[in-house]
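Numbering-wise (my numbering), the sequence shown opens with residue -6 and increments by one.
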Amino acid sequence: MDLGPHAAFIWTSYGIVAFVLLALVAWLVIDGRILERRLADFAARGVTRRSARKSAESGS
């Protein structure tokens, strides 16, 4: 595959895009794990969601 005189720019651009996408996926995975730990901690302490409290109070 001949990319001409701009091959270095093209490959560098692909590399940067791949790095950014991988960083975003890693960030989402890490943040998801942190949020799951927080939710588990809240559940262990007996904290409930506001929407769950409202529906229980209304008697539905």
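From the three backbone atoms N, C-alpha and C, an ideal C-beta is built for every residue, glycine too.
From a predicted model like this one, the values you see are computed outputs, not experimental measurements.
Secondary structure at G8: helix, using DSSP grouped into helix, strand and coil. In the three-state reduction of the DSSP assignment, V40 falls in the coil class.
D34 sits in a helix when the DSSP states are folded into three classes.
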